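Student: What follows is a structure written as structure tokens; I'll ask about it next.
Protein chains in written order, with the numbering used here: chain A, 12 to 633; chain B, 12 to 633.
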């Protein structure tokens, strides 16, 4: 079979592939990131690339929908529909490259309890051993029992392998690290109690890691990186599809890429902080159910199908070495429990962080990510559900939509008289940007979209139904190419792409569908508990941090609540992972609440369609 | 650095090594087996090779001791003392190549109890799952509890990964394999209960494997191979030294080689029997303490030093995948407990097989391997000790000595009148040998040596002291090159090597030392229990199978016992591993007896020197 070389500009990454491979596959092989929402089916139009040199198959029907004639003449194609026929040079338009983001999800320490799973015990044996008829392990166990009351201890095979050598090096003195007072997992000669832990939050889009000191619970360092699984699709359904389409190998590939990324952050964090990865003796993990399954190497295929049940609900402990995670190989990785197929360990993390199950007061907790997870209740009852908000709130499936990264319009206001637009672009205040440089917008991200729709409503550009008021006269409100009404937020001479940035009637509908699902879900839970108003609300999720409360209330993204009672909690899921890392009581709490939370499957709720329809109205039709 | 190619004849194996490497190292790298008792120190003289072509360093002083001038002129060298200086062709004399032996240690099935650690349970769920709010794992656990009463089950991560897929493939029906009624380790769609197990006996010289059907306890196949660690030295002390001399890497290398060999036999056995290695769901392991440690990846360095204590005494369960053993990766490997530093899991296997701890009658059990392990007692008390018999009984440290393989003289008788010798050579009755071909002897192995010394005594060639009677006139009794008396067993025209096969005065002394230690050890245990005569004796070990009881009694290899009460049990250690494989009760028994057996450290026994001296006499000085 003929092979061809594909060069990706501007990175100049090269790869050799078989003739007939798609450019998208070539990019995956080359580790070049290309957005692909539909997982290579040619239906999302996101994987636009420009073929600069070389031969490919003729333009397909799918592509004609997404690429206009002038762009086609320039060589623009969908990477998934374009097959390599000779050596190629392919250019990636900037907005399609998902850049690795630097740590931006750090939370402050919010616990005083320090009760980690791995504790250290100091052992002093006379010259390593005082009894010839006893094994070294028995000798150590005897000491641990007599001095610390620990009994029935297991010993990890790696720890066992190092036992005698360590004892001799320490002349009988050693620091023994014991997991859950059950298993010896590591030994060091002499007295050296330094122990570290990792909390991992696997988001659909971003993987965040927190490196903590297990002795005092302090967060030493945090890091995050784009979840490399975006190579296989940007939302959870496309990850599921990738697994379905590539039986056995798909899941392996996604798990491997994920763990490789985790290892890369761990390496960077340990180097930066002058610590050793061997000192990392514990780890906790949260993520939505699909991420949870992929991390555990469980193909998530069934999560996309009725009854949407997870393979495993309870927490799972697995040795770091099983998955090749480069921390101490004997360390356990504690994967927090999931609640149900669409309410995952990330939501359990949110609950651990916000503890509604300990509160008298009723509260509504919304985790805004690619999916929306809602929990309503207090110490007596907790209900949860998952809403198929879709990725619109994150900028996907929106004409000019993009993720909340450099170049995205994140804040918008529209003058009610002139309909002129004021906006703020992510990166504009980045201190790394040289003076005088202007960050031109590339597109609009979720918080900007919510602002825009709210201002559409406030200025009368749209009414309750969400339809544009065509009586308003401004050049910004116009009929677009495809005959759909659209509003121009930034004219092409202001943008980095040379195209107008718009929000169309279709986009407004997408936002209505998303908020209809989210708001409708909240109403179902409220009606189950006979509650008509919300006194306290917690918005979790990094995305939530950036939205404007008032504008969100204006469009009715969620039920009304006094803005001062709405708490923007940030990455609560990651914070929950951290709490479970530094305090084992939190693990017990997690196992208990994951089971106790009553999960409402919205698809089975007759009332949901009604609530959904009412919530499509802006802000909400009571 | 210059590299050189070394070709080994007759196998024609090639290897590229750095200039200055020893030929022994080159052979190890090339996976060519060369005997080396001293682990490359130039002191045992066993690693003789012939340099056919190329440049090497000049002959060293060490080599002059072992290689006479005419041989030196032919290019004979010690592989460990000879450094590669150019491309080389090196010839390996036949007797130095340890050939992989075919399965010859099979025992017949000797148990009716079938109670394996892994049992299968059939599960029938309505279309895989009947409740959307429960995880698939919970669904299965619920069924296993309600139908079979199993509770608090863990689930191996590999089993968990396959759970949903398997359930769907079987349309809700699956066979679940559960270890110790504690952990789900494997699942198969539908009803398929076939499960296999492996019993592994790691001898210093030979690795034996038994493949069993766990459902009925039958041995399906057995295989054995030379322990590849002989690359690093032939006895346990040289393995320990190899580990000491190569910190961290030495143990890793020995463990890796061992497991590679185990995998090779497993592959052969599964292919030959049309089964899959995924069906192998359990494994038990015995071996002396050094082999036990190496298998577990524990550097055995400390086993060579006071207080000779093992790292771990109790049985160890470890997942097959931890060590890369190619059976079902979720299967546990159960490594039987050891008794003490020199009485290992192999002796525990012998006890499981012979069960002296269940007998009224007092018996003496001797496991004759490279070390001699002795157990004396009955259901009330069991004493054990280890005797440093040394490898002389296996043909090492004997001028014409060799292992019990093709070409070895295994049976000897000497005419009391003429002093003419009658002998039998291993392989002479091999049906693969073509008619008319004569197997010429290469050397003499342990059973032949015992026969020879016994006949020396019976014919008056030696007296009680073991010294040759120089008054006997026969051309076979002569003064050898180095001035030491020797007896010619086979003249050079009868042998394959073209050299006389002799047993020298020094060799007789070696046998006296070996049997002095063994017999002396027996006497210590007898005196501890106030026993003066042995009513029942069990000789375990493959080597024991071939020795002539009467001749062994003649030289006083062990205390007197009526020959009909001496049982030659064969590979009892391997049989014990098999019993523990098919019956978990045997594992409990093993853990109990390994702890209960009272281990006598002969080096600490004041009386031992006296007994040892008495036992040097032939047969024994009462």
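Idealized CB from N, CA, C, for every residue including glycine. In this text, all values refer to a predicted model and were calculated from it rather than measured experimentally.
Relative to the C-alpha of residue 434 of chain B, which candidate in B:350, B:349 and B:460 has its C-alpha closest?
Tutor: Residue 434 of chain B has its Cα closest to that of B:460, out of B:350, B:349 and B:460.
Student: Does residue 72 of chain A pass the burial test, meaning 16 or more other C-beta atoms within 10 Å, or should it be called exposed?
Tutor: Flag for residue 72 of chain A reads exposed.
Student: Check whether the Cβ atoms of residue 347 of chain A and residue 601 of chain A lie closer than 7 angstroms to each other.
Tutor: Cβ distance < 7 angstroms, so residue 347 of chain A and residue 601 of chain A count as in contact.
Student: Using 8 angstroms as the threshold, is the stretch 347–364 of chain A in touch with the stretch 575–590 of chain A, meaning 3 or more CB pairs across them?
Tutor: Counting Cβ pairs under 8 angstroms, three or more are found: they touch.
Student: Out of A:127, A:83, A:195 and A:307, point me to the one whose CA is closest to residue 134 of chain A's CA.
Tutor: Checked all of A:127, A:83, A:195 and A:307; the closest Cα to residue 134 of chain A is A:195.
Student: Using a Cβ-Cβ distance under 7 angstroms, would residue 617 of chain A count as near chain B?
Tutor: Residue 617 of chain A does not count as touching chain B.
Student: Residue 8 of chain B and residue 465 of chain B look like a contact to me (Cβ under 8 angstroms); what is the Cβ gap, rounded to whole Å?
Tutor: The structure shown has nothing for residue 8 of chain B, since chain B only spans 12 to 633.
Student: I need the DSSP call for residue 287 of chain B, collapsed to helix, strand or coil.
Tutor: Of the three classes helix, strand and coil, the one that applies to residue 287 of chain B here is coil, per DSSP.
Student: Evaluate residue 238 of chain A with the Cβ neighbour count: other Cβ atoms within 10 Å of its Cβ, from every protein chain shown; 16 or more gives buried, anything less gives exposed.
Tutor: Classification of residue 238 of chain A: buried, given that the 10 Å Cβ count is 16 or more.
Student: List the residues of chain A whose Cβ lies closer than 8 angstroms to the Cβ of residue 171 of chain B, in chain order.
Tutor: Under the 8 angstroms cutoff, chain A gives 307, 309, 322, 323 and 327.
Student: Please state if the CB of residue 380 of chain A and the CB of residue 367 of chain A are separated by a distance shorter than 7 angstroms.
Tutor: For residue 367 of chain A and residue 380 of chain A, no; Cβs fall outside 7 angstroms.
Student: How many angstroms separate the CA atom of residue 306 of chain A from the CA atom of residue 266 of chain A?
Tutor: Those two C-alpha atoms are separated by around 6 angstroms.
Student: Could you tell me which residues DSSP pairs with residue 539 of chain B in its beta bridges?
Tutor: Looking at the DSSP assignment, residue 539 of chain B forms no beta bridge with any residue, so it has no partner.
Student: Determine the chain B residues that contact residue 194 of chain A at a beta-carbon separation under 8 angstroms, and present them in chain order.
Tutor: Simply none; closest approach about 13 angstroms.
Student: Looking at the unbroken alpha helix (DSSP H) that takes in residue 159 of chain B, where does it start and where does it end?
Tutor: Start and end: 147–159.
Student: Find out if the Cβ-Cβ distance for the pair residue 413 of chain A, residue 344 of chain A is shorter than 7 angstroms.
Tutor: Cβ atoms of residue 413 of chain A and residue 344 of chain A: not closer than 7 angstroms.
Student: Nearest-angstrom Cα distance between residue 455 of chain A and residue 221 of chain A?
Tutor: Each residue's alpha carbon lies about 29 angstroms from the other.
Student: What's the call for residue 147 of chain B, buried or exposed, on a 16-neighbour Cβ count within 10 Å?
Tutor: With 16 or more other Cβ atoms within 10 Å, it is buried.
Student: Cα separation between residue 334 of chain B and residue 175 of chain A?
Tutor: Rounded to whole angstroms, residue 334 of chain B to residue 175 of chain A spans 20 angstroms at the Cα level.
Student: Within the same chain, show all residues whose beta-carbon is closer than 7 angstroms to that of residue 159 of chain B, passing over the 5 residues directly before and after it, in chain order.
Tutor: These residues qualify, in order along the chain: 132.
Student: Would you decide whether residue 130 of chain B is buried or exposed? Buried here means 16 or more other CB atoms lie within 10 Å of its CB.
Tutor: By the neighbour-count rule (16 or more Cβ atoms within 10 Å), residue 130 of chain B is buried.
Student: Taking just the CA atoms, how far does residue 518 of chain B sit from residue 409 of chain B?
Tutor: Taking the straight line joining both Cα atoms gives about 5 angstroms.
Student: Examine the Cβ distances between the stretch 25–34 of chain A and the stretch 79–94 of chain A and report whether three or more of them are shorter than 8 angstroms.
Tutor: Touching, per the Cβ criterion.
Student: What residues in its chain sit with their C-beta under 7 angstroms from that of residue 234 of chain A, if we drop five residues either side in the sequence?
Tutor: For residue 234 of chain A, where only same-chain residues beyond five positions count, the Cβ hits under 7 angstroms are 114, 220, 276, 279 and 280.
Student: Can you pull the DSSP bridge partners for residue 576 of chain A?
Tutor: Beta-bridge pairing links residue 576 of chain A to no other residue.
Student: Is it right to say residue 116 of chain B is buried, meaning 16 or more other beta carbons lie within 10 angstroms of its own, or is it exposed?
Tutor: Confidence at residue 116 of chain B is low in this model, with a pLDDT of 41, below 50, so the placement of that residue is unreliable and no value is reported for it.
Student: Just the C-alpha distance for residue 136 of chain B and residue 161 of chain B, rounded to the nearest angstrom, thanks.
Tutor: Between residue 136 of chain B and residue 161 of chain B, the C-alpha separation is close to 16 angstroms.
Student: How many angstroms separate the CA atom of residue 30 of chain B from the CA atom of residue 38 of chain B?
Tutor: One C-alpha to the other measures close to 14 angstroms.
Student: Which of the three DSSP states is assigned to residue 235 of chain B in this structure?
Tutor: Residue state, collapsed to three classes: strand.
Student: Starting from the beta carbon of residue 333 of chain A, find every residue of chain B whose beta carbon is closer than 7 angstroms, and list them in chain order.
Tutor: Going along chain B in sequence order, the residues near residue 333 of chain A (Cβ under 7 angstroms) are 168.
Student: Chain A beta carbons: is any one of them nearer than 7 angstroms to that of residue 175 of chain B?
Tutor: Yes, residue 175 of chain B counts as interfacial toward chain A.
Student: Out of A:462, A:426 and A:430, state which residue places its alpha-carbon closest to the alpha-carbon of residue 557 of chain A.
Tutor: Answer by Cα proximity: A:462.
Student: How would you call residue 181 of chain A, buried or exposed, if buried means at least 16 neighbouring beta carbons within 10 angstroms?
Tutor: The residue in question, residue 181 of chain A, is buried, as its Cβ has 16 or more Cβ neighbours within 10 Å.
Student: Could you check whether residue 452 of chain A and residue 550 of chain A sit closer than 7 angstroms to each other, using their CB atoms as the reference points?
Tutor: Cβ distance not < 7 angstroms, so residue 550 of chain A and residue 452 of chain A don't count as in contact.
Student: Between which two residues does the beta strand (DSSP E) containing residue 194 of chain A stretch?
Tutor: 194–200 is the span of the beta strand (DSSP E), which, as asked, contains residue 194 of chain A.
Student: How should residue 436 of chain A be labelled, buried or exposed, when 16 other C-beta atoms within 10 angstroms of its C-beta is the threshold for buried?
Tutor: That one is buried.
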